[in-house]
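Residue numbers (our numbering), protein chains in the order written: chain A, 1481 to 1700; chain B, 1481 to 1700. Beta carbons are placed, not taken as given, at the ideal position from N, Cα and C, and that holds for glycine. What you are looking at is a predicted structure, and each value in this text was computed from that prediction instead of being measured. Here the structure comes first, spelled out in structure tokens, and everything after it is commentary.
2 protein chains.
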Amino acid sequence: MDIRAFKDSIYNQMAGITKALGNPHRLEILDLLAQGAASVEYIAEQTNLTVGNASQHLLVLKKARLVTSERQWKYNYYSLADQNVFDAWCSLRRLGFSQNAELKQLINDYRSESTHLRTITPHELIEKMKKEDVIILDVRPEKEYNIAHIEDAISFPKADLEKRLHELPQDKEIIVYCRGPFCLMADEAVQYLNKNGFNASRLDRGFPDWAAQKLPVATA
Amino acid sequence: MDIRAFKDSIYNQMAGITKALGNPHRLEILDLLAQGAASVEYIAEQTNLTVGNASQHLLVLKKARLVTSERQWKYNYYSLADQNVFDAWCSLRRLGFSQNAELKQLINDYRSESTHLRTITPHELIEKMKKEDVIILDVRPEKEYNIAHIEDAISFPKADLEKRLHELPQDKEIIVYCRGPFCLMADEAVQYLNKNGFNASRLDRGFPDWAAQKLPVATA
DNA sequence: CTATCATTCTATAGATTTATTGAATGACAA
DNA sequence: TTGTCATTCAATAAATCTATAGAATGATAG
């Protein structure tokens, strides 16, 4: 094999991975799987795909070894193949934010930057937890909370926020988190809480980023 | 705009980047541009593409803002848009090595692992340079050396190795480096040098990785 | 066994991407 | 001006990717 053939093979193998990443639905699926294992049906539901189509995309990801699947009872659970997949996704996200002005714009618009939500870093939250009595709300769907969540966080799905508002104290600081930078559930929750007289702010990272930093996590 | 439309936009923007990455020729181009700016012609030559085809691929990369171009005299020089692009590429490379057994295999086979080339880390090299009189050889094409190279390294292109062998001393340690993990020039050079009675080993990183770590670099 | 259900497979038409060819552009030199 | 040269543009056919619909699989429950 000459050098050219060698290089062609190498870059073809690499492109096998990047091709699998080159589709919006598959990126959304990876972003979702960063929360933990999920069945085809749940993935399809969360991404607005038909089950058949979601299955197709999952098989593409599996062929590129970005995800693995494991059958449990009637369901096939997919997960990210390993930490490197999430790391690469983070790297691509950073790249997106730095190169793509429209992306930044889109997120700022939707988050209605004008409202200037206060945010707090994981490090600050850890310090605060030591000193004060803060309430941490996980506003992701309960299924994702059940797989794993920040230690001492309460499951408080965005969907049930209004209904369960009375459960929350007005006199304690509330910190809210969700899936990550492409997820708006925490932003919307904080906005709603503050409008209703609570003292809420947003963790500036999603759960997967917290977990990737090896910060304290609880599993159901 | 509802949440679904928002997510579709976000992931479509991100996929704009990953689609641009989803082609073996474009990956090879990025890997080459990590060495520094290069003209379309040089890129085409190094990647075995026709100039027209290379230009097409470069325009795709440019549209995704992964590269920028600047005209100088008759030539259009392309470079990586910024550090995040190289970081993402490193992340993807790591992903490739961890998920893709064939990729590892390909490289090990070609490097003929059997010969067990000694390697040295950037940190070790820095320490060694303080104490001993080592010779550092940059075996990349001279053009790439001229853009930037490891401080105190000598340009010694792989292609001229045989011809210029007499210039090297047999009694000093020789450290060789090239473009990076997908480049074999340093491996081949080390093998050839050792076979001819020199004391050579390979730096375990390519030039771009050295530069990304902010280690001392010299520009022509 | 039959029925059910989650998932995967198959087939297909439509959309996108690719390499190639040759023409067009636009800077520079004579 | 005219010619040269590097690069880009435009057009095309071949290859690949995508979503959809419906059939097939394979595990579980009755």
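{"query": "Inter-residue spacing [alpha-carbon to alpha-carbon] between A/Asp1599 and B/Asn1533", "result": "Looking at the sequence itself, residue 1599 of chain A is Thr, so the reference to Asp does not match. Roughly 47 Å between the two C-alpha positions."}
{"query": "B/Ser1535 - partner residues in DSSP beta bridges", "result": "Looking at the DSSP assignment, B/Ser1535 forms no beta bridge with any residue, so it has no partner."}
{"query": "Residues near B/Asn1679 by beta carbon distance below 6 Å, same chain, minus five either side", "result": "Glu1653"}
{"query": "C-alpha distance - A/Leu1597 paired with A/Arg1685, whole-angstrom precision", "result": "14 Å"}
{"query": "Of the listed residues B/Leu1695, B/Pro1688 and B/Gln1693, nearest to B/Gln1515 (C-alpha basis)", "result": "B/Pro1688"}
{"query": "Spatial distance of A/Lys1638 from A/Arg1620 (CA atoms)", "result": "7 Å"}
{"query": "Interfacial residues, the region 1485-1500 of chain B to chain A, with Cβ spacing under 9 Å", "result": "Phe1486, Lys1487, Asp1488, Ser1489, Ile1490, Tyr1491, Asn1492, Gln1493, Met1494, Ala1495, Gly1496, Ile1497, Thr1498, Lys1499 and Ala1500"}
{"query": "CB contact flag (A/Tyr1558, A/Ser1571, <8 Å)", "result": "no"}
{"query": "Interface flag, A/Glu1624 vs chain B, CB-CB below 8 Å", "result": "no"}
{"query": "DSSP state of A/Asp1716 mapped onto helix, strand, coil", "result": "Examination of residue 1716 of chain A is not possible in this model, given that chain A is present from 1481 through 1700 alone."}
{"query": "Top-ranked residue by Cα proximity to B/Met1609, from B/Ile1627, B/Glu1624 and B/Ala1633", "result": "B/Ala1633"}
{"query": "DSSP state of B/Ala1669 mapped onto helix, strand, coil", "result": "helix"}
{"query": "Cutoff 8 Å: A/Val1531 Cβ touching any chain B Cβ", "result": "no"}
{"query": "Chain B contact for A/Leu1512 (CB, 8 Å cutoff)", "result": "no"}
{"query": "Backbone CA spacing between A/Ser1452 and B/Tyr1555 [nearest angstrom]", "result": "Residue 1452 of chain A lies beyond the stretch modelled for chain A, which goes from 1481 to 1700, so this question has no answer here."}
{"query": "Strand pairing of A/Thr1548, partner residues [DSSP]", "result": "A/Ser1559"}
{"query": "Secondary structure of B/Asn1503, DSSP reduced to three states", "result": "coil"}
{"query": "Selected residue, minimal CA-CA separation from B/Lys1542, among A/Ile1497, A/Asn1580 and A/Asp1640", "result": "A/Asn1580"}
{"query": "Partner residues on chain B for A/Arg1545, Cβ-Cβ distance less than 7 Å", "result": "Gln1579 and Asn1580"}
{"query": "Through-space distance from A/Val1697 to A/Ser1489, alpha-carbon basis", "result": "41 Å"}
{"query": "Nearest neighbour of A/Tyr1493, chosen from B/Leu1575, B/Gln1563 and B/Val1531 [CA to CA]", "result": "A quick correction: the sequence has Gln, not Tyr, at residue 1493 of chain A. The candidate whose alpha carbon is nearest that of A/Gln1493 is B/Leu1575."}
{"query": "Contact check, A/Val1520 vs A/Leu1538, beta carbons under 8 Å", "result": "yes"}
{"query": "Residue-level contact to chain A via CB, B/Ile1654, 8 Å cutoff", "result": "no"}
{"query": "Inter-residue Cα distance where the pair is A/Phe1577 and A/Tyr1657", "result": "20 Å"}
{"query": "Interface residues of chain A facing B/Gly1576 [CB-CB closer than 7 Å]", "result": "Gln1493, Met1494 and Ile1497"}
{"query": "Beta-carbon gap between A/Gly1502 and B/Leu1501 smaller than 8 Å", "result": "yes"}
{"query": "Simplified DSSP assignment, three categories, for A/Ala1691", "result": "helix"}
{"query": "Residue closest to A/Leu1683, alpha-carbon to alpha-carbon, out of A/Glu1642, A/Thr1699, A/Cys1663 and A/Asn1676", "result": "A/Cys1663"}
{"query": "Inter-residue CB distance, A/Leu1605 and A/Leu1546 (contact presumed, cutoff 8 Å)", "result": "That belief does not hold up - the Cβ atoms of A/Leu1605 and A/Leu1546 are roughly 30 Å apart, past 8 Å."}
{"query": "Rounded separation between A/Glu1607 and A/Trp1690 - CA only", "result": "15 Å"}
{"query": "B/Glu1525, DSSP secondary structure in three states", "result": "helix"}
{"query": "Candidates B/Pro1649, B/Thr1498 and B/Pro1504, of which the one nearest A/Lys1487 by Cα", "result": "B/Pro1504"}
{"query": "Partners in chain A for B/Ile1483, counting only beta-carbon separations shorter than 8 Å", "result": "Leu1664"}
{"query": "Buried or exposed by the 16-neighbour rule on C-beta atoms within 10 Å, applied to B/Glu1622", "result": "exposed"}
{"query": "A/Asp1562 at chain B interface by Cβ criterion, 8 Å", "result": "yes"}
{"query": "Status (buried if at least 16 other CB within 10 Å, exposed otherwise) for A/Ile1483", "result": "exposed"}
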